[in-house]
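Working notes for the structure below.
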Amino acid sequence: MEYAGLVENSNDLIQVVDFEGRLLYVNQMWLDTLGYSREEAASLHFFSILHPDFHCNCHERIGQLQSGQVVPRFEASFITRDGEKIVTEGSISLYQENGVPRGIQGFFRDITQRKKTEDALREREEQFRTIFESSVAGIAMLAPDGRFLQANPAFCNFLGYSEQELKQLKITDVTHPDDIEDTLLRRNIARANRSHSIVCEKRYLKKDGEVFWAQLSSTWFFDENGTPLYTVPVIQDITARKEAEERIRELAYYDVLTRLPNRSLFNDRLEQSLALARRHDRQMALMFLDLDRFKGVNDTLGHVMGDKLLQIAAQRLSDSLRENDTVARLGGDEFVVILSDYRTPDNLPHIAHKILHALAQPIDLGVRDVYVTTSIGVALYPNDGTDGVELLRNADLAMYAAKEGGGNTFRFYCSEMNARAVSRMDLESNLRRAISEEEFFLEYQPQIDLVSNRMAGLEALLRWQHPQLGVIAPNHFIPLAEETNLIIPIGEWVMRQVFEQASRWHQSHSTMMDEIRVAINVSGRQFDQPDFVDLVRRLLSETGVQPQWFEFEITENVLMKDVQRTVSTLEQLRALGIHIAIDDFGTGYSSLSCLKNLPLNRLKIDKSFIADIQDNPNDRAIVSATIAMAKRLDLEVTAEGVETEGQYGFVHKRDCDEVQGFYFCKPLPADEVLGACWNYLESSSSQS
Ligand code: C2E
Ligand code: MG
Ligand code: MG
6 MEYAGLVENS NDLIQVVDFE GRLLYVNQMW LDTLGYSREE AASLHFFSIL
56 HPDFHCNCHE RIGQLQSGQV VPRFEASFIT RDGEKIVTEG SISLYQENGV
106 PRGIQGFFRD ITQRKKTEDA LREREEQFRT IFESSVAGIA MLAPDGRFLQ
156 ANPAFCNFLG YSEQELKQLK ITDVTHPDDI EDTLLRRNIA RANRSHSIVC
206 EKRYLKKDGE VFWAQLSSTW FFDENGTPLY TVPVIQDITA RKEAEERIRE
256 LAYYDVLTRL PNRSLFNDRL EQSLALARRH DRQMALMFLD LDRFKGVNDT
306 LGHVMGDKLL QIAAQRLSDS LRENDTVARL GGDEFVVILS DYRTPDNLPH
356 IAHKILHALA QPIDLGVRDV YVTTSIGVAL YPNDGTDGVE LLRNADLAMY
406 AAKEGGGNTF RFYCSEMNAR AVSRMDLESN LRRAISEEEF FLEYQPQIDL
456 VSNRMAGLEA LLRWQHPQLG VIAPNHFIPL AEETNLIIPI GEWVMRQVFE
506 QASRWHQSHS TMMDEIRVAI NVSGRQFDQP DFVDLVRRLL SETGVQPQWF
556 EFEITENVLM KDVQRTVSTL EQLRALGIHI AIDDFGTGYS SLSCLKNLPL
606 NRLKIDKSFI ADIQDNPNDR AIVSATIAMA KRLDLEVTAE GVETEGQYGF
656 VHKRDCDEVQ GFYFCKPLPA DEVLGACWNY LESSSSQS
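Heads up: the sequence shown begins at 6 in this note's numbering, then just goes up one per residue.
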């Protein structure tokens, strides 16, 4: 036969088996594959090489062929001579000779290798599926346009969707709006560069609207032409870490109490605003704010109330400004505002007034309403400074000028302020030097008895002879001396000086001086020193003066701070014989019921109430009431800051005991004050 060679040399296993199972013919491939020689094959029974699993099917198929049906292709396994299993795929048909069926002919292809590969693949796929399903990382598969094709349970859990729901969505539907632009950009870059992976952090939006922070590593798959096939994003939950980072950032850049930006963030913002102003050739304003009398609230009502007040003030400040203005807290009761958008400087006073008004409203601290006002200093870029440090310093100087102007007001920076005031830092180092160089001196101001029209007391007032700036008034340096505790050595110096001066006066004018107290201002810081009374005793004995010659002036805030301790210190002083006066009465928050329990001699009405007495009915009412109240508490009353006849007349009529003020005498050096005062009193009594 011409084609016999085709069969013999075919790559398939070809066999003819008679109905008894004898192998009538097998080709070379059959022999090679199953490992038999032609002679051995001739004596084999077909079932001895057919794998037992297939015996049963074999009978069935033969039956089908004999009844004239066609048997579709099928798989069958054989056993080689070495006992190995060979998997084949093939077909069988009837073998006929001269139209008479003689057996079955079969054509089989060895697919063992393919089968092995397929099985291995299936196994791998199953492994991958298990990993995919059980992974704690969220894994998904996206079409190039971002549609979800698949998502594993972790991915679904993270975002709160079912896989079915995700398959209706695109990746941009579950991306945080602020991160969509970046997501699309990354996709375009990946496509353009055919890059295969992207690692980044991004925010997703969960089904319930919550933010989900993820570490994303996304892999792109392309076909051989570079057309994108799909991407596989793998995400891990980093929400907790991000929240912790956010908290740390907040702590680093925001003030914990008021939640306003702190000094660091303020410095950043200031630099940014300055850079913008420079680039666009625009102006910018910096406001420096300091609450007036905040220290008093803190001292008398305690830190908890002080904190609450700061929070309310911060809120009011923010509320009175626009969103793109930066409000920051520098510390204590100091705030700063960066204004970039106010069109013309003419609008700045309006803004400042708005802030002053908002802050001046009564603040309800639960226990009582408190009034705080604010001082604002304004400095402008570029006129008042071209860098942050200079602007801040000048706004600060302007703020001090506003304070000097009585507070509750604002001042624009002007160059004279610079000339007048040394910066606080210089002031501090100068102040230290002033102690060692003995640049301080005292002046004395008489206090006049309104009934006898005689000098009843002298208040010692501290001055600082600065080598460059001339004489500096105590209001300019005492607060800083208190902050830096330099007031302790300064206060001791004052007391010693006053005691020595009194001793000299008593020696030279012994009879007259018996009627005259010398008043010393005592700062809260001094008063709080545990050894304050010991110090007083020591100085008294060292200078040889009598305690009853002296009166200590203490501001009401000091008295109210820690009433119990205060009472004990006051009682010890009183036991020595020293008089006690409450200074600047009316400016603090003392409660009258407390005053009743304190061993006090005198109450000094603050000069701010006297100043407006003729124009301001409120002040008139306060002064009258204070005098009346003091009388009921058995306290003497001194009106401070009496400058005019009208003021004098007013307090005189209301039975005020003593007055002190420029109307009678300014503070003068020790060797001038007695003479000047007596001259004045003599001339005024001879006139009347
Ligand atoms: P103070 O104890 O209330 O002193 C009275 C202040 O009013 C003094 O200001 C005095 O010069 C001023 N004065 C007196 N009469 C008039 C007047 O008719 N009109 C006006 N406008 N002012 C008048 P000074 O000397 O500037 O002292 C300011 C404050 O500095 C004092 O207020 C006191 O609290 C503090 N101080 C002064 N010396 C010392 C001191 O040795 N130690 C401490 N701790 N504080 C001091
Ligand atoms: Mg005083
Ligand atoms: Mg006073």
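Note that beta-carbon positions come from the ideal geometry of N, C-alpha and C, so glycine has one too. All values derive from a computational prediction rather than experimental measurement.
Buried or exposed by the 16-neighbour rule on C-beta atoms within 10 Å, applied to residue i
{"i": "CYS682", "result": "buried"}
{"i": "CYS61", "result": "exposed"}
{"i": "ALA318", "result": "buried"}
{"i": "ASN562", "result": "buried"}
{"i": "GLN132", "result": "exposed"}
{"i": "THR379", "result": "buried"}
{"i": "LYS207", "result": "buried"}
{"i": "ALA461", "result": "buried"}
{"i": "TYR8", "result": "exposed"}
{"i": "VAL527", "result": "buried"}
{"i": "ILE54", "result": "buried"}
{"i": "ASN623", "result": "exposed"}
{"i": "THR38", "result": "buried"}
{"i": "CYS205", "result": "exposed"}
{"i": "THR305", "result": "buried"}
{"i": "SER269", "result": "exposed"}
{"i": "ASP346", "result": "exposed"}
{"i": "THR122", "result": "exposed"}
{"i": "VAL105", "result": "exposed"}
{"i": "PRO367", "result": "exposed"}
{"i": "HIS511", "result": "buried"}
Simplified DSSP assignment, three categories, for residue i
{"i": "ASP286", "result": "coil"}
{"i": "PRO484", "result": "helix"}
{"i": "ILE176", "result": "helix"}
{"i": "PHE614", "result": "helix"}
{"i": "GLY393", "result": "helix"}
{"i": "HIS584", "result": "strand"}
{"i": "TYR449", "result": "strand"}
{"i": "ILE521", "result": "coil"}
{"i": "ASP23", "result": "strand"}
{"i": "HIS50", "result": "strand"}
{"i": "ALA156", "result": "strand"}
{"i": "GLN548", "result": "A small correction: the amino acid at residue 548 is Thr; Gln does not occupy that position in the sequence shown. Helix, per DSSP."}
{"i": "PHE667", "result": "coil"}
{"i": "ILE253", "result": "helix"}
{"i": "CYS61", "result": "helix"}
{"i": "GLU641", "result": "strand"}
{"i": "ALA635", "result": "helix"}
{"i": "CYS661", "result": "coil"}
{"i": "THR379", "result": "strand"}
{"i": "ALA142", "result": "coil"}
Same chain, Cβ closer than 6 Å to residue i, five either side skipped, listed in chain order
{"i": "ASN303", "result": "GLY311"}
{"i": "MET373", "result": "A quick correction: the sequence has Arg, not Met, at residue 373. There are no such residues."}
{"i": "THR117", "result": "ILE91 and VAL92"}
{"i": "GLU339", "result": "ASP295"}
{"i": "VAL642", "result": "LEU608, ILE632, ALA635, CYS661 and ASP662"}
Residues of its chain near residue i, where Cβ-Cβ distance is below 8 Å and the 5 sequence neighbours each way are ignored
{"i": "GLY582", "result": "GLN551, PRO552 and GLN553"}
{"i": "LEU70", "result": "VAL76, ILE97, SER98, LEU99 and ILE109"}
{"i": "MET146", "result": "PHE153, LEU154, GLN155, ALA156, TYR235, THR236 and VAL237"}
{"i": "ASN490", "result": "ARG530"}
{"i": "HIS56", "result": "ALA81, SER82, PHE83, ILE84 and LYS90"}
{"i": "GLU556", "result": "GLY462, ARG522, VAL523, ALA524, ILE525, ILE583, HIS584, ILE585, ALA586, ASN606 and ARG607"}
Residue-chain proximity (residue i, chain C), Cβ-Cβ < 9 Å
{"i": "ARG246", "result": "Annotation note: the requested chain C is absent from the structure, which comprises a single protein chain."}
Nonlocal neighbours in the same chain, by C-beta distance under 7 Å from residue i, ignoring five residues either side
{"i": "LEU29", "result": "VAL21, VAL22, ASP23 and GLY108"}
{"i": "LEU673", "result": "GLU448, TYR449 and ALA681"}
{"i": "LEU638", "result": "LEU600 and LYS601"}
{"i": "THR244", "result": "PHE217 and TRP218"}
{"i": "HIS657", "result": "LEU455"}
{"i": "ARG437", "result": "LEU491"}
Counting pairs of beta carbons, one from the segment 544-554 and one from the segment 585-592, are three or more of them closer than 8 Å? Result no; under three Cβ-Cβ pairs closer than 8 Å.
Does the segment 607-620 come within contact of the segment 633-653, defined as at least 3 CB pairs closer than 8 Å? Touching, per the Cβ criterion.
Touching or not, the segment 167-179 and the segment 194-201, by the rule of three or more beta carbon pairs under 8 Å? Put simply, the segment 167-179 does not touch the segment 194-201. Fewer than three CB pairs are less than 8 Å apart.
Would you call the segment 353-364 and the segment 389-406 touching, i.e. three or more CB-CB distances under 8 Å? In short, these stretches do not touch, since the Cβ pair count stays below three.
Taking a cut-off of 6 Å, which residues have a beta-carbon closer than that to any heavy atom of ligand 2, in chain order? Listed by chain position, these are GLU464, ASN526, GLU558 and ASP588.
Contact between the segment 500-511 and the segment 470-477: three or more CB pairs below 8 Å? At 8 Å Cβ cutoff, the stretches do not touch.
contact_flag[the segment 449-459, the segment 662-669] where n(CB pairs < 8 Å) is 3 or more: Verdict: yes, contact present.
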